[in-house]
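Every letter in the sequence shown is one number past the one before it in full-length UniProt numbering, and letter 832, counting from 1, is 832.
Beta carbons: idealized from backbone N, C-alpha and C, even for Gly.
Note that this is a predicted model, so its numbers are computed, not measured.
Here is the structure we will look at.
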Amino acid sequence: MIVNLSRKLSRKFRPAGYVLAILFATWSLYVLMDMESAMNTNPFADFVNNDGSVDYRDNTNRIPDEWCSEHMLDSDMYNTTHYTIPYHLVRESPAAYEYDPRLTNSVYMLQLMEKSHSLSDVKLPFSWYDWVDLTQLNEFIVLEPQAKPHCKYPCGDTTDLRKSRRSPASSKRGSRRRRKAKDTAMKCDDYCEEDVSRDSPGFKVFDLNKLSSESMKRLHVKSYLYSSANLPNSLVFTTDRGNVQVAIDKTMSANMVKSGLLRQFTERFGSSFNPTELANRFESLMTHDKPLKQRPYRIELEHESFFFDAPNYLKTSKPETPNQAEFHKALEISLHVQDEKLWRHFHEPTVRTGAPSHYDARFFNGYVGLNERRQTILSRLLKTWTKLCENADLRTWIAHGALLSHNINGMTFPWDADIDVQMPFADLAKLAELYNASVIVEDPKTGYGRYYLDINYSITHRSKGHGLNNIDGRFIDISSGLYIDITGLAVAPKKTPNRFAELYGTVNVDDIELISDPNIIIDGYYDTFNSEQKPGDEDSGLKALVAEAEHGQEQEELEDEMQQLDRGPLRKRALGMILTPDQRYSLNYHLQLYTCKNNHFYRLRELSPLRLTYHDKVPVYVPKDVESVLNSEYERQLKLCMSYGPFTYLAQLRMWTSTSYLRRTLHDHRKSKDKNLLTQDDIMGLLDNDMILESFIRSWEAGQLHEIERSLIESDRPDKELWLESLIMNKTFKDEMGRDPFLASLINPHVDKSSGLEQKRQEMKDILQREYTHTVDFGQVEHNYNELKTIKDYIRDFQDTGYDVDIDTKIATLAKLSASSRSHRMRSAHERELSKLQAQKAKQDAGAPL
């Protein structure tokens with residue numbers, strides 16, 4: 001641009017213009033060099049790595065290589081016993097500084113300890129800058145105002161996107177295609193505004209719903225959190241003895257340097273301190289009056305806990321905390337907005353390519369691969385979630401995909417991007433009242449996770465509506481955007497699925513007391529319920545049945561009910577009966593049937609009592625009748641080896657691994673096709689692969705516990721309940737599923753772990769040997785769990801005699817595939833395979849040799 005301008009000037013003002021052109025070009029280059037110099041002037045120059053990248057963390061606080069070498073292959077918590085506050089934080093008041101949750105936790109714990117006598121009256125300043133890693137903004141914050149990049153930097157990506165959206169050059173000017181492209185193009189000022197103040201990076205993103213690339217979306221999120229995001233209502237530290245909560249001063253967004261909290265901390269401790277000791281002192285002081293409770297093995301659920309009267313709550317309660325005040329406002333909105341007018345509460349990141357769907361838009365920090373880090377984040381999410389609820393006497397249990405994965409090996413599927421939990425409606429309301437819009441901090445003794453609890457404002461709406469608010473809440477990892485989906489179960493005026501047909505047949509709607517949903521206080525609240533089925537309208541009932549069929553209703557049940565419709569009006573006691581919303585509500589209340597917004601129904605006796613178990617080494621609760629709940633949502637799963645997508649489940653190791661790796665490794669075609677044929681020597685040989693070995697090191701203990709637990713549940717031992725309770729209540733794990741993600745980032749990845757790896761390899765092979773020979777030491781004298789039949793025994797039976805414990809499941813699955821196949825060739829192939837399995841089952845049942 002400068003050269004072209006110089007040429008224009010020189011042509012117009014020859015020969016005197018030559019001098020002006022040269023002077024102008026020289027001045028312009030000087031300005032550019034000065035800006036470049038400013039951009040490169042960085043107070044964090046000491047943290048520049050050899051490759052030119054910047055590491056804003058002080059190397060003096062990294063984890064020692066000696067510790068890493070010794071603990072590289074386990075998930076032990078590194079206890080930082082000596083932390084040195086960076087010099088510039090002690091002596092200066094920098095606009096930007098390095099993110100370190102060890103320091104943030106300690107600064108806020110000191111504030112809570114010093115104000116513990118009047119904590120209910122305290123409000124602390126807060127900035128997302130101290131609680132989320134916004135380091136990417138530091139290089140812009142420290143620049144002089146004239147050198148800050150303004151909105152042109154975060155908008156550069158979407159500007160390119162606008163160009164790519166333009167119509168082809170062949171389109172006529174002003175054509176409909178060009179006008180449409182112009183109308184849908186994203187303008188920078190739609191989501192960003194300039195801010196060149198001292199503490200600003202030069203731009204302020206205020207809307208995250210604009211399409212961009214993954215890398216630029218991460219920058220948008222960090223700018224949004226830094227400048228535009230709402231502050232939380234409160235800060236909650238979880239501990240073994242209780243939750244410690246303090247309100248946030250929402251009138252003041254200030255980090256710990258600007259607010260003076262860090263200065264107060266250094267006045268007390270100087271420039272170095274012991275974070276581990278401080279965490280222990282914090283728990284001892286803040287929860288000294290709370291006894292350490294033993295979690296019960298079983299929890300009874302009451303029918304009334306699935307019922308919440310919001311209007312009565314608003315009449316009888318007075319807000320005393322910021323959280324309660326916000327809850328009152330949310331209930332007022334929820335009660336006075338019709339179902340069809342609700343706006344979407346939760347949003348996923350709008351990313352241009354491969355848009356991730358299981359991340360919260362406000363905290364998205366890039367795609368997390370199918371690796372140990374994702375599994376670690378999810379397991380730690382679950383750990384803090386259960387501790388938060390347990391400390392508050394709230395009942396919750398794992399559900400849907402989490403429950404399915406638990407039923408297989410006690411661990412999350414490697415491809416899962418979230419975890420599902422459920423809770424009674426009354427507990428959901430209590431959770432929102434206590435902690436909604438709060439930052440929840442992991443127990444400082446075990447890690448540095450921090451999470452955001454967000455409960456949907458429309459919790460009194462129990463219909464699916466337009467499908468945009470099916471989830472009642474999210475418990476979000478604010479370092480990645482991954483989350484737990486929270487759904488409440490409640491009595492609702494919904495039509496019940498056909499699996500409860502027999503139960504419906506036991507009552508007459510005219511014989512039960514009519515009860516109205518207390519949360520319906522305006523007309524048209526549930527338009528979908530009122531218009532879906534009208535009394536006497538059989539045609540609408542038929543349409544509802546067809547709609548259910550499209551969502552997986554069993555074909556034979558559908559045909560039965562359609563035949564009833566063809567014969568005339570339904571009897572009042574039939575499942576597909578035409579009822580008013582009040583009649584539906586009353587019937588479901590009487591039968592103790594509960595549902596989430598997404599139409600998953602459960603009966604109280606399926607859920608209660610909840611049973612304690614472990615998932616990802618985290619103590620969790622599961623419904624009483626896990627099999628019944630799962631069979632209502634999923635097909636039956638195999639007990640032995642199986643495949644799903646790019647993963648294969650090796651039942652002998654109780655873990656999922658890469659199918660492609662097994663294909664490359666297993667040279668025996670029969671064993672490559674059927675992993676149940678893998679012998680003990682084959683399995684031992686797989687541990688020679690470092691990737692499989694490291695996965696087995698993390699998972700073997702959790703998998704072994706679940707295998708014994710499931711064997712007990714399926715056994716016919718008269719005393720199995722005593723054995724189960726003893727097994728779970730006496731179980732402790734040495735470490736967690738994965739190391740704290742922040743601490744893991746401080747580990748030198750180049751530390752030599754070869755010697756430790758070989759030692760662990762032999763240790764794991766010894767463990768497998770004891771499992772194969774039933775000589776495992778379970779640490780209990782009164783119960784010999786080695787007496788139980790294990791998966792390895794079933795596989796041995798399969799290899800020795802051909803007995804297949806999964807044959808019934810295989811037949812059912814193949815029959816369903818055959819019935820649904822549209823291809824005659826595929827149907828014939830399924831039928832031939834089905835005939836073989838049925839013949840095998842006949843011999844198996846008769847005890848004949850296979």
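Going by DSSP, name the residue or residues bridged to residue i.
i	result
residue 204	193
residue 84	272
residue 245	236
residue 619	614
residue 761	According to DSSP, which records beta bridges pairwise, residue 761 is partnered with nothing at all.
residue 439	235, 452
residue 222	In the DSSP output, where bridge partners are listed per residue, residue 222 has none listed.
residue 424	489
residue 131	According to DSSP, which records beta bridges pairwise, residue 131 is partnered with nothing at all.
Comparing alpha-carbon positions, which option in the options lies nearest residue i?
i	options	result
residue 365	266, 285, 136	136
residue 346	209, 239, 645, 145	209
residue 242	775, 444, 103	444
residue 586	509, 641, 818	509
residue 731	231, 392, 314, 294	294
residue 350	343, 367, 334	367
residue 684	713, 802, 771	771
residue 489	149, 288, 138, 472	472
residue 773	763, 409, 761, 793	793
residue 604	305, 818, 829, 788	305
residue 855	127, 129, 130, 111	Nothing about residue 855 can be read from this structure; the chain reaches only from 1 to 850.
residue 700	654, 272, 739, 86	654
residue 156	687, 189, 130	189
Between the C-alpha atoms of residue i and residue j, what's the straight-line distance to the nearest angstrom?
i	j	result
residue 415	residue 370	6 Å
residue 115	residue 108	11 Å
residue 679	residue 747	38 Å
residue 494	residue 298	30 Å
residue 417	residue 270	42 Å
residue 424	residue 615	21 Å
residue 433	residue 65	46 Å
residue 832	residue 845	20 Å
residue 220	residue 193	12 Å
residue 171	residue 154	Unreliable placement is indicated for residue 171, whose pLDDT of 42 sits below 50; the coordinate value is still reported in the next sentence. Taking the straight line from one Cα to the other gives about 30 Å.
residue 103	residue 83	8 Å
residue 307	residue 438	25 Å
residue 659	residue 451	34 Å
residue 621	residue 71	31 Å
residue 755	residue 763	13 Å
residue 276	residue 479	22 Å
residue 80	residue 141	30 Å
residue 847	residue 715	21 Å
Tell me whether residue i sits in a helix, a strand or coil according to DSSP, three-state version.
i	result
residue 419	strand
residue 652	coil
residue 799	helix
residue 343	coil
residue 844	helix
residue 324	helix
residue 892	Absent from the structure is residue 892, since the part of the chain shown begins at 1 and ends at 850.
residue 500	helix
residue 703	helix
residue 178	Because the pLDDT at residue 178 is just 44, under 50, the model does not fix this residue reliably, and the point stays unresolved.
residue 477	strand
residue 832	helix
residue 643	strand
residue 126	strand
residue 753	coil
residue 697	helix
residue 859	Residue coverage of the chain in this structure runs from 1 to 850, which leaves residue 859 outside it and unanswerable.
residue 104	helix
Taking 7 Å as the line, does the beta carbon of residue i fall inside it for any heavy atom of the ligand FAD?
i	result
residue 811	This structure does not include the ligand FAD; it has no bound ligands of any sort.
Next on the checklist: Is it the case that the region 372–383 contacts the region 497–508, given that we only count it when at least three CB pairs across the two stretches are under 8 Å?
Outcome noted: no
Checklist entry - Between the region 230–239 and the region 438–452, do three or more beta carbon pairs fall short of 8 Å? => result yes
Checklist entry - Does the pairing of the region 332–340 with the region 459–478 give three or more beta-carbon distances under 8 Å? => result yes
Next on the checklist: Does the region 800–810 come into contact with the region 623–634, if we say contact requires no fewer than three beta-carbon pairs (one atom in each stretch) closer than 8 Å?
Outcome noted: no
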